[in-house]
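>
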Amino acid sequence: MKHGVLLLCLSVFALVTQAQSGNNLLQELMQQKPAQFGSILAHPNDYRVQIIYTQINRDKNNIPHFKEYTYRLNPKEYFYPASTVKMPLAFLALEKINNLKVKGLSKATLMTYDSVTGRQETIYNNPYSIDGTQNIEQAIKEIFLVSDNNAANRLFEFVTPHTVHEKLAEKGYKDVYIRNRLNIGRTKQENRNTQAINFYNPEGKLIYQQPAQFNKDSLPYYNAFIGNAHYDNQDSLIKGPLNFSEKNRIYLSDLNHILRSVVFFDQTPAKQRFNLTLADRKFLLQWMHTLPTESKYPSYDSANYWPSYCKFLYTGSARSPFPSNIKIFNKVGDAYGFLLDIAYVVDPEKKVEFMLSAVIYCNRDGIQNKNEYDYDTIGYPFYKNLGQLIYDYELKRKKEFLPHFDPILGLGN
Numbered sequence: 031m032k033h034g035v036l037l038l039c040l041s042v043f044a045l046v047t048q049a050q051s052g053n054n055l056l057q058e059l060m061q062q063k064p065a066q067f068g069s070i071l072a073h074p075n076d077y078r079v080q081i082i083y084t085q086i087n088r089d090k091n092n093i094p095h096f097k098e099y100t101y102r103l104n105p106k107e108y109f110y111p112a113s114t115v116k117m118p119l120a121f122l123a124l125e126k127i128n129n130l131k132v133k134g135l136s137k138a139t140l141m142t143y144d145s146v147t148g149r150q151e152t153i154y155n156n157p158y159s160i161d162g163t164q165n166i167e168q169a170i171k172e173i174f175l176v177s178d179n180n181a182a183n184r185l186f187e188f189v190t191p192h193t194v195h196e197k198l199a200e201k202g203y204k205d206v207y208i209r210n211r212l213n214i215g216r217t218k219q220e221n222r223n224t225q226a227i228n229f230y231n232p233e234g235k236l237i238y239q240q241p242a243q244f245n246k247d248s249l250p251y252y253n254a255f256i257g258n259a260h261y262d263n264q265d266s267l268i269k270g271p272l273n274f275s276e277k278n279r280i281y282l283s284d285l286n287h288i289l290r291s292v293v294f295f296d297q298t299p300a301k302q303r304f305n306l307t308l309a310d311r312k313f314l315l316q317w318m319h320t321l322p323t324e325s326k327y328p329s330y331d332s333a334n335y336w337p338s339y340c341k342f343l344y345t346g347s348a349r350s351p352f353p354s355n356i357k358i359f360n361k362v363g364d365a366y367g368f369l370l371d372i373a374y375v376v377d378p379e380k381k382v383e384f385m386l387s388a389v390i391y392c393n394r395d396g397i398q399n400k401n402e403y404d405y406d407t408i409g410y411p412f413y414k415n416l417g418q419l420i421y422d423y424e425l426k427r428k429k430e431f432l433p434h435f436d437p438i439l440g441l442g443n
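Using the numbering used here, the first residue of the sequence shown is number 31, and each one after it goes up by one.
#1: Any beta carbon from chain C within less than 8 Å of Gly-417's own beta carbon?
#2: In whole angstroms, give me the CA-to-CA distance for Phe-229 and Gln-150.
#3: Given a cut-off of 8 Å on the beta-carbon distance, is the pair Arg-222 and Phe-255 in contact?
#4: Where do the ends of the beta strand (DSSP E) carrying Gln-444 lie?
#5: Is it true that the stretch 248-264 meets the stretch 151-162, where meeting means three or more beta-carbon pairs spaced less than 8 Å apart?
#6: Which of the three DSSP states, helix, strand or coil, is assigned to Tyr-421?
#7: Out of Asn-263, Asp-331 and Met-385, state which residue places its alpha-carbon closest to the alpha-carbon of Tyr-344.
#8: Which value, in whole angstroms, describes the spacing of the CA atoms of Phe-304 and Lys-131?
#9: So, under 8 Å CB-CB, Arg-394 and Asp-406 are touching, yes? Tell me the CB distance rounded to an integer number of Å.
#10: What does Thr-100 pair with, by DSSP beta-bridge criteria?
#11: Please state if the CB of Leu-370 and the CB of Thr-84 are separated by a distance shorter than 8 Å.
#12: Does the Cβ of His-434 have 16 or more other Cβ atoms within 10 Å, making it buried, or fewer, making it exposed?
#13: In angstroms with no decimal places, state the Cα-to-Cα distance between Pro-322 and Ala-333.
#14: Pull the bridge partners of Arg-216 from the DSSP assignment, please.
#15: Closer than 7 Å by C-beta to Ser-177: which residues in its own chain qualify, once you throw out the five before and the five after it? Chain order, please.
#16: What does a CB cutoff of less than 7 Å around Pro-351 pick up in its chain, not counting 5 residues either side in sequence?
#17: Please state the DSSP three-state secondary structure of Trp-330.
#18: Please report the residue range of the alpha helix (DSSP H) in which Phe-188 lies.
#19: Closest to Ala-309 by C-alpha separation, out of Phe-295, Pro-299 and Pro-191, would be which residue?
#20: Leaving aside the five residues before and after Phe-109 along the sequence, list all residues of the same chain whose C-beta is less than 8 Å from its C-beta, in chain order.
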């Protein structure tokens with residue numbers, strides 16, 4: 031291995047981290063709760079579970095230092111990342127605005143989408159926004175509040191799959207490919223085409239135009255097949271696994287470190303940071319922990335979007351009030367039986383903080399591309415139990431210095 035390549039590999043996950051490869055802490059903690067984790071520990075390959083628990087230890091100057099513990103972390107074991115890809119799309123959208131340096135262009139700038147090729151939508155407004163207009167700010171709010179797919183697809187058009195891969199690779203995440211839109215069936219060719227987008231100032235003057243683009247990148251084939259049968263687009267059951275080899279891909283460790291780079295911006299090497307202003311970070315962090323029931327614009331019916339709707343850890347699928355002492359900065363995902371949560375968990379009252387990222391496969395019958403999976407019986411209980419397990423461990427864990435939280439988190443001390 032060349033010296034320069036070695037240095038790059040060493041820097042990718044630096045982030046002031048003490049990597050804990052081969053450790054057993056997570057397994058040992060789960061073994062103490064056999065009623066909750068016994069089945070998963072007995073059949074980890076069936077559940078395709080991967081977990082990253084990041085301890086955060088503050089020094090006398092309140093600088094955080096990170097210590098990672100993992101369970102079954104394996105980048106070679108494919109999982110469908112579902113809506114977790116919306117998180118880097120949101121970060122990259124704000125970064126792109128800053129990189130463009132167009133006078134008057136901001137996350138709040140009015141934008142419209144032109145239909146250029148087949149099956150693209152012409153979009154002029156957004157009924158969820160306070161004034162009915164569409165902009166990057168609104169899309170990001172909807173992504174973190176309720177994981178809205180349409181909002182994510184609007185960012186996909188703006189950032190473009192080429193830029194996603196290029197910019198994330200520059201930051202060390204070279205194997206990330208967000209190549210397909212979410213929850214809408216499109217061909218490989220259609221997913222390579224992105225729409226023309228126009229940005230207007232408050233007076234209605236066009237200030238920036240992004241032309242329609244075609245992604246010419248060579249996209250990898252993952253050789254990933256999951257399940258024992260699947261439904262095709264005509265709802266016919268086909269024997270054999272579903273091919274995930276041309277779908278979106280991002281590793282759990284990448285998702286974990288992408289989140290950490292925004293939460294702990296100052297502890298992130300400059301080359302791995304997103305080009306975000308302080309106001310950008312404050313905006314992102316606010317909406318990453320805001321519950322659907324706490325938002326006025328956009329507003330959501332609490333019957334369909336309960337407080338913990340996008341907060342799997344600690345509460346699972348409970349529709350009761352979310353614990354007032356806990357804040358979770360996160361992005362979840364669920365699709366094809368895969369359930370994910372990428373989170374920074376904080377209890378400012380009891381001085382608890384940790385990061386926890388996980389994926390679990392919830393599909394007992396092995397049939398893919400169906401309408402129902404085992405989220406309620408496997409996935410949500412797993413996340414509730416896992417979140418409480420690590421929270422309780424952190425409550426008891428002795429710390430030399432208690433944290434003083436950055437005011438940008440909006441937590442107080």
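By construction, the Cβ of each residue, glycine as well, lies at the ideal position given by its N, Cα and C atoms.
From the atom records:
#1: Protein chains in the displayed structure number just one, and chain C is not present.
#2: By 1-based counting over the sequence shown, the position of residue 229 is 199. By 1-based counting over the sequence shown, the position of residue 150 is 120. Rounded to whole angstroms, Phe-229 to Gln-150 spans 18 Å at the Cα level.
#3: Mapped onto the sequence shown, residue 222 falls at position 192. Mapped onto the sequence shown, residue 255 falls at position 225. Contact: no.
#4: With the chain covering 31 to 443 only, the question about residue 444 has no answer from this structure.
#5: no
#6: As a working note, residue 421 is residue 391 in the sequence shown. Here Tyr-421 sits in helix by DSSP.
#7: Within the sequence shown, residue 344 is the residue found at index 314, counting from 1. The residue with the shortest Cα to Cα distance from Tyr-344 is Met-385.
#8: For the purposes of this step, residue 304 is taken as the residue at position 274 of the sequence shown. For the purposes of this step, residue 131 is taken as the residue at position 101 of the sequence shown. Whole-angstrom Cα-Cα distance: 15 Å.
#9: Position 364 of the sequence shown holds residue 394. Position 376 of the sequence shown holds residue 406. In fact, because the Cβ distance is near 12 Å, the residues do not count as touching under 8 Å.
#10: Residue 100 sits at position 70 when you count from the first residue of the sequence shown. Note: Thr-100 sits in a beta bridge opposite Ile-82.
#11: Numbered from 1 along the sequence shown, position 54 holds the residue referred to as residue 84. Numbered from 1 along the sequence shown, position 340 holds the residue referred to as residue 370. No, they are not a contact pair.
#12: For the purposes of this step, residue 434 is taken as residue 404 along the sequence shown, with counting starting at 1. The residue in question, His-434, is exposed, as its Cβ has fewer than 16 Cβ neighbours within 10 Å.
#13: If you number the sequence shown from 1, residue 322 lands on position 292. If you number the sequence shown from 1, residue 333 lands on position 303. Near 11 Å, if we compare the C-alpha coordinates of Ala-333 and Pro-322.
#14: Taking the sequence shown and counting its residues from 1, one reaches residue 216 at position 186. Paired residues: none, contrary to the question.
#15: Within the sequence shown, numbered from 1, the residue matching residue 177 stands at position 147. So the qualifying residues of the chain are Ser-113, Lys-116, Cys-340 and Val-362.
#16: One-based indexing of the sequence shown puts residue 351 at position 321. Closer than 7 Å at the Cβ level, and outside the excluded window around Pro-351, lie Pro-337.
#17: Position 300 of the sequence shown, counting from 1, holds the residue named residue 330. In the sequence as presented, Trp is not what sits at residue 330; that position holds Tyr. In the structure shown, Tyr-330 sits in coil (DSSP, three-state: anything other than H, G, I, E or B).
#18: Here residue 188 corresponds to residue number 158 of the sequence shown, with the count starting at 1. Element bounds for Phe-188: 179-189.
#19: Within the sequence shown, residue 309 is the residue found at index 279, counting from 1. Among Phe-295, Pro-299 and Pro-191, the Cα nearest to that of Ala-309 belongs to Phe-295.
#20: Start at 1 with the first residue of the sequence shown, and residue 109 comes out as number 79. Hits under 8 Å: Arg-78, Gln-80, Leu-282, Phe-368, Leu-370, Val-389 and Tyr-391.
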